[in-house]
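In our numbering, the protein residues as written are 610 to 759. All residues carry an ideal CB built from backbone N, CA and C; glycine is no exception. The structure appears right after this line, and notes come after that.
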Amino acid sequence: MLKRIEFACAGGLLVAVVVLVAIASVARAMGTPIIWSVEMAQLIFAWLCMLAADIAMQEDRHFGLQVLQEVFSARTVGMIEIFNILVVISFLAFLLYYAWGNMILMHPRLVGAAQIHASYIHASMVVGILLMLRTMVSLLIRRIRNRGTV
Numbered sequence: 610m611l612k613r614i615e616f617a618c619a620g621g622l623l624v625a626v627v628v629l630v631a632i633a634s635v636a637r638a639m640g641t642p643i644i645w646s647v648e649m650a651q652l653i654f655a656w657l658c659m660l661a662a663d664i665a666m667q668e669d670r671h672f673g674l675q676v677l678q679e680v681f682s683a684r685t686v687g688m689i690e691i692f693n694i695l696v697v698i699s700f701l702a703f704l705l706y707y708a709w710g711n712m713i714l715m716h717p718r719l720v721g722a723a724q725i726h727a728s729y730i731h732a733s734m735v736v737g738i739l740l741m742l743r744t745m746v747s748l749l750i751r752r753i754r755n756r757g758t759v
């Protein structure tokens, strides 16, 4: 259910950024540019990138090395995968700490013509990292449960 909501939000943001850029391009060609379109496109695109990264992580579409599967036994590969997931979780937790601080730091700053708080853009990192942490923890639980069956 959550995956469908996340996918629908990402699709909606993709449509929104395409429509916004198209309307801004037509308006600029007609001589009446929409001055806040760039800031809004950046905001939407930042959120879209973070949602897309989590969706890719959920579907195991991030890059990976398959060389280990050919060299080591299935049990060893399973242990290496669990170790890798723990490293990614640690890295995401580290990033979350600094993303949160950056979001708080950016709140007083206003972005360009739209005059929106920069923290709205930087909040995409916090939410995206939290989503990816959720994904990696659930993957870790799944791998630990399935380790006995391999």
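Among Leu660, Ile730, Val720, which has the Cα closest to the Cα of glutamate 742? Here residue 742 turns out to be leucine, not glutamate, going by the sequence shown. Taking only the C-alpha atoms, the option nearest leucine 742 is Leu660.
Just to confirm, does serine 699 get its C-beta within under 7 Å of one of the non-hydrogen atoms of the ligand SAH? Ligands in the displayed structure: none, and consequently the ligand SAH is not present.
So, with DSSP's three-state summary, where would you put histidine 726? strand
Looking at valine 746: is its Cβ nearer than 8 Å to the Cβ of methionine 712? no
Taking tryptophan 709 as part of the alpha helix (DSSP H), name the residues at either end of that continuous run. 683-715
For the candidate residues Leu611, Leu714, Asp663, whose alpha-carbon lies nearest to that of glycine 737? Asp663
Close beta carbons around phenylalanine 616, own chain, < 7 Å, minus the five adjacent residues each side: Ile664
Determine, using beta carbons only, whether alanine 650 and valine 630 come nearer to each other than 8 Å. yes
What's the C-alpha gap between alanine 683 and leucine 695? 18 Å
Over what stretch of residues does the alpha helix (DSSP H) that includes glycine 621 continue unbroken? 611-638
What's the gap between the Cα of methionine 610 and the Cα of aspartate 669? 18 Å
Rounded to whole angstroms, what is the Cα-Cα separation between leucine 739 and leucine 705? 7 Å
CA-to-CA distance, histidine 731 to tryptophan 709, given in whole angstroms: 8 Å
Terminal residues of the alpha helix (DSSP H) in which tryptophan 656 lies: 646-667
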